[in-house]
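Since the structure comes first, as structure tokens, the remarks are kept for the end.
2 protein chains.
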Amino acid sequence: MPKRVTIAEVAELAGVHKATVSRALNETTEHQVNAATVKKVQRAAKQLGYIPNIMARGLRTSLSMTVGVIVPDLTNPLFPPIQRGIENYLAPRGYTALLANTDGRDSLERAAFNSLLERRVDGFILATGQVDHPLLKDAYERDIRIVLVNRGTTGVPYPLVTGDDANGIAAAVDHLIELGHRRILHVAGPRNFTTTLTRANAFTAACAEHGIEPRTVVASALNVDAGRHEMDAILASGEPVPTAIIASNDLLALGIMRSLRTHGLDCPADISIVGFNDMPFAQDFQPPLTTVRVPHLELGSEAARLLLASISAESQNPVTVTLPVSLIVRESTAPPRNP
Amino acid sequence: MPKRVTIAEVAELAGVHKATVSRALNETTEHQVNAATVKKVQRAAKQLGYIPNIMARGLRTSLSMTVGVIVPDLTNPLFPPIQRGIENYLAPRGYTALLANTDGRDSLERAAFNSLLERRVDGFILATGQVDHPLLKDAYERDIRIVLVNRGTTGVPYPLVTGDDANGIAAAVDHLIELGHRRILHVAGPRNFTTTLTRANAFTAACAEHGIEPRTVVASALNVDAGRHEMDAILASGEPVPTAIIASNDLLALGIMRSLRTHGLDCPADISIVGFNDMPFAQDFQPPLTTVRVPHLELGSEAARLLLASISAESQNPVTVTLPVSLIVRESTAPPRNP
DNA sequence: GTGAAAGCGCTAACAT
DNA sequence: ATGTTAGCGCTTTCAC
Numbered sequence: 013m014p015k016r017v018t019i020a021e022v023a024e025l026a027g028v029h030k031a032t033v034s035r036a037l038n039e040t041t042e043h044q045v046n047a048a049t050v051k052k053v054q055r056a057a058k059q060l061g062y063i064p065n066i067m068a069r070g071l072r073t074s075l076s077m078t079v080g081v082i083v084p085d086l087t088n089p090l091f092p093p094i095q096r097g098i099e100n101y102l103a104p105r106g107y108t109a110l111l112a113n114t115d116g117r118d119s120l121e122r123a124a125f126n127s128l129l130e131r132r133v134d135g136f137i138l139a140t141g142q143v144d145h146p147l148l149k150d151a152y153e154r155d156i157r158i159v160l161v162n163r164g165t166t167g168v169p170y171p172l173v174t175g176d177d178a179n180g181i182a183a184a185v186d187h188l189i190e191l192g193h194r195r196i197l198h199v200a201g202p203r204n205f206t207t208t209l210t211r212a213n214a215f216t217a218a219c220a221e222h223g224i225e226p227r228t229v230v231a232s233a234l235n236v237d238a239g240r241h242e243m244d245a246i247l248a249s250g251e252p253v254p255t256a257i258i259a260s261n262d263l264l265a266l267g268i269m270r271s272l273r274t275h276g277l278d279c280p281a282d283i284s285i286v287g288f289n290d291m292p293f294a295q296d297f298q299p300p301l302t303t304v305r306v307p308h309l310e311l312g313s314e315a316a317r318l319l320l321a322s323i324s325a326e327s328q329n330p331v332t333v334t335l336p337v338s339l340i341v342r343e344s345t346a347p348p349r350n351p
Numbered sequence: 013m014p015k016r017v018t019i020a021e022v023a024e025l026a027g028v029h030k031a032t033v034s035r036a037l038n039e040t041t042e043h044q045v046n047a048a049t050v051k052k053v054q055r056a057a058k059q060l061g062y063i064p065n066i067m068a069r070g071l072r073t074s075l076s077m078t079v080g081v082i083v084p085d086l087t088n089p090l091f092p093p094i095q096r097g098i099e100n101y102l103a104p105r106g107y108t109a110l111l112a113n114t115d116g117r118d119s120l121e122r123a124a125f126n127s128l129l130e131r132r133v134d135g136f137i138l139a140t141g142q143v144d145h146p147l148l149k150d151a152y153e154r155d156i157r158i159v160l161v162n163r164g165t166t167g168v169p170y171p172l173v174t175g176d177d178a179n180g181i182a183a184a185v186d187h188l189i190e191l192g193h194r195r196i197l198h199v200a201g202p203r204n205f206t207t208t209l210t211r212a213n214a215f216t217a218a219c220a221e222h223g224i225e226p227r228t229v230v231a232s233a234l235n236v237d238a239g240r241h242e243m244d245a246i247l248a249s250g251e252p253v254p255t256a257i258i259a260s261n262d263l264l265a266l267g268i269m270r271s272l273r274t275h276g277l278d279c280p281a282d283i284s285i286v287g288f289n290d291m292p293f294a295q296d297f298q299p300p301l302t303t304v305r306v307p308h309l310e311l312g313s314e315a316a317r318l319l320l321a322s323i324s325a326e327s328q329n330p331v332t333v334t335l336p337v338s339l340i341v342r343e344s345t346a347p348p349r350n351p
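The listed protein sequences derive, respectively, from chains A and B. Counting in my numbering, the first sequence runs from 13 upward without gaps. Counting in my numbering, the second sequence runs from 13 upward without gaps.
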């Protein structure tokens, strides 16, 4: 990379001391210096193509103006909107996000966490929440500022921004009941995520309210393969096939749809399916997926807002922000053939 | 954030000078120091929970171990795999990526570029290439290291990593011809992207080879809305409807499929469609999309490889890496009803 | 093999 | 309103 212009060169050209340059170029201290001098300095800076060195500043202020964002897998369509939301909030405030993927592996998460710590991030946004998260207890004791997004944790009072999982599931159940379904199956996600746990519990509660039996199976992961595998197993089990399925997320729903196709079953004629998240292109699936829309962009920007607040606060303040969700009815749900 | 352990504290605990600590903890200088001392220092570092401050190191070495990645929109499913590929290559080498979105706006791109420059990134990977890119000429003159991915540019000899667009389109045309199609339309992307330009030219060439007329329309953007709008216009025009369409990317193809559904037309019975990219979930569309698969993960890791090579090289070396693509035949293509 | 000292580019306290 | 000085945490000569 090219040799860079420093504050000293600007100072020399402008004929002032470098401290004055620093003051003149900094929003918060600009008023401390004569307006004419400010002009002079700005002109000199522009002429030389001066670009402040944030690292040097950070070393001095012990603020990196940088936050670490840790997600399981950016390729999961859930996360890009969250990341965009985070960036939308951070960028205008001079902050930059450092993004790391963990592929759900604790070792990679630990590595990412340390790597970001080395870069002196001012805080973290974690989308990798799980029950009994291995890193969080230690981080909390070290007073590292973190905001959880989408998934929460247990035992540590970090702020959390999440969609209203319980209401989303309740809406899905209501919708299926209204269509006439009675044999509804919930394909839950792994029990170590608070989201999937909340959704599973909400399913049981909603079924109780409607007086139907809450049948639930637990998938081994929150991805397409797990969904297909689970549906294959259900169809092979010989047990009575449900007339409708609520999946814990869209990816599972997608896997279930693929399994159905493989077995010559039609959705929604044979089985109705409801997903969760309303991921991008859910409307383009075969058939277009009925699902619960979660405002992911807002999840991200809200998390970023909470994190910056936490960073500048004296002590940590455990808040939980729950954003409203809405059921999006498309073509994957219909009245049961034999109610 | 918590107060951090510095190299001085480690030095004190280990009973050595901080320069020795630095040497002991650094891979490349570790051999310069007595093995026993290394052990002692490492134990002290571990005990105190020492985490090196990369910013301070960067200030000293004028290397940030950081690269800027600029994409139009992370929400476009094309980019997450590229980003993952980049990260996969960088992380084991101690580098971190700083990601910025531009939404295709030059002003945002310029802002992102400057913000990353302030953070002293060692180089850039740009996925926002366009013909006559506004930033690149200036950047090249300043000897800023950049690698372009997916889309190229004109006039500036920066390295480029791209899929084999020409062969991909040729394969698509061959496939449609084999199915019996003769009235094939290409829905191209904006003319200011080298990818879409290459694809459009390849389409014309392939048609010439088969002796059929190359009909092409140019969409205003590379997204779903533009695709739908373009298809709506074609259907409204009253001109003869093609029996097959090759879209410049999957998003356009998706928009075309949505338009068809709106107009009561069936794909592939009425019109066959081929996309480009094989974006995630293309197989789950209605119908599953025949498309050209581009190895996006490899695009990313290859770009990262080239960038690190460029960073450590004395001078820039313009190379173009073209990765092979393959046609994935699914259900959106079939023989024409009335050949 | 290790210590001493300087300095990367910046900002903050103090002085004028 | 501006200059002086010191130092953030690290690496890198140069001594010894």
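Beta carbons: idealized from backbone N, C-alpha and C, even for Gly. Keep in mind the model is a prediction, meaning the values are calculated, not measured.
If we ignore side chains and look at the alpha-carbon of each, how far apart do residue i and residue j end up?
i: residue 351 (chain A); j: residue 88 (chain B); result: The pLDDT assigned to residue 351 (chain A) is 46, lower than 50, so where the model puts this residue is not dependable; a value taken from the coordinates is nonetheless given after this. One C-alpha to the other measures close to 41 Å.
i: residue 96 (chain A); j: residue 288 (chain A); result: 20 Å
i: residue 306 (chain B); j: residue 259 (chain B); result: 14 Å
i: residue 91 (chain A); j: residue 261 (chain A); result: 13 Å
i: residue 321 (chain B); j: residue 284 (chain B); result: 43 Å
i: residue 344 (chain B); j: residue 269 (chain B); result: 9 Å
i: residue 340 (chain A); j: residue 59 (chain B); result: 54 Å
i: residue 94 (chain B); j: residue 236 (chain A); result: 21 Å
i: residue 54 (chain A); j: residue 41 (chain A); result: 14 Å
i: residue 191 (chain A); j: residue 81 (chain B); result: 48 Å
i: residue 275 (chain A); j: residue 230 (chain A); result: 21 Å
i: residue 303 (chain A); j: residue 112 (chain A); result: 28 Å
i: residue 86 (chain B); j: residue 50 (chain A); result: 39 Å
i: residue 336 (chain B); j: residue 308 (chain B); result: 11 Å
i: residue 182 (chain B); j: residue 215 (chain B); result: 7 Å
i: residue 263 (chain B); j: residue 123 (chain B); result: 27 Å
i: residue 63 (chain B); j: residue 100 (chain A); result: 30 Å
i: residue 349 (chain A); j: residue 238 (chain A); result: 27 Å
Check whether chain B comes within 7 Å of residue i, counting only Cβ atoms and requiring the distance to be less than that.
i: residue 130 (chain A); result: yes
i: residue 302 (chain A); result: no
i: residue 297 (chain A); result: yes
i: residue 63 (chain A); result: yes
i: residue 351 (chain A); result: The predicted position of residue 351 (chain A) is uncertain, since its pLDDT is 46 and thus under 50; no value can be drawn from it.
i: residue 261 (chain A); result: no
Show which residues of chain B have a CB atom less than 7 Å away from the CB atom of residue i.
i: residue 68 (chain A); result: 71
For a contact meaning CB atoms closer than 9 Å, what does residue i contact in chain B?
i: residue 272 (chain A); result: Residues of chain B passing the Cβ test: none, with the nearest at roughly 12 Å.
i: residue 89 (chain A); result: 87, 89, 92, 292 and 293
i: residue 162 (chain A); result: Those within 9 Å of residue 162 (chain A) in chain B number zero; the least Cβ separation is about 16 Å.
For residue i and residue j, which I take to be in contact (beta-carbon distance under 8 Å), what is that distance rounded to the nearest angstrom?
i: residue 160 (chain A); j: residue 170 (chain A); result: 5 Å
i: residue 187 (chain B); j: residue 228 (chain B); result: 18 Å between Cβ atoms; not a contact.
i: residue 134 (chain A); j: residue 323 (chain A); result: 5 Å
i: residue 158 (chain B); j: residue 138 (chain B); result: 6 Å
i: residue 71 (chain B); j: residue 68 (chain A); result: 5 Å
i: residue 291 (chain A); j: residue 267 (chain A); result: About 13 Å separates the two Cβ atoms, so there is no contact after all.
i: residue 56 (chain A); j: residue 25 (chain A); result: 4 Å
Mind checking which residues open and close the beta strand (DSSP E) that includes residue i?
i: residue 305 (chain B); result: 302 to 305
i: residue 289 (chain B); result: 284 to 289
i: residue 198 (chain A); result: 196 to 200
i: residue 164 (chain A); result: Taken as a continuous stretch (DSSP letters only), residue 164 (chain A) belongs to no beta strand (DSSP E), as it is neither H nor E.
Chain A partners of residue i, CB-CB under 8 Å?
i: residue 95 (chain B); result: 86 and 111
i: residue 6 (chain B); result: It is not possible to answer for residue 6 (chain B), since the shown part of chain B is limited to 13 through 351.
Does residue i get closer than 7 Å to chain A when you measure Cβ to Cβ?
i: residue 108 (chain B); result: yes
i: residue 169 (chain B); result: no
i: residue 320 (chain B); result: no
i: residue 28 (chain B); result: no
Could you give the residue range of the alpha helix (DSSP H) that holds residue i?
i: residue 241 (chain A); result: 236 to 249
i: residue 222 (chain B); result: 206 to 222
i: residue 337 (chain B); result: Premise fails: residue 337 (chain B) is in no alpha helix (DSSP H) and is neither H nor E.
i: residue 53 (chain B); result: 47 to 60
Starting from residue i, find everything on chain A with Cβ-Cβ shorter than 9 Å and list it in chain order.
i: residue 328 (chain B); result: Those do not exist, as residue 328 (chain B) stays about 11 Å from chain A at its closest Cβ, beyond 9 Å.
i: residue 266 (chain B); result: 293 and 296
What in chain A is Cβ-close to residue i, meaning under 7 Å?
i: residue 99 (chain B); result: 113
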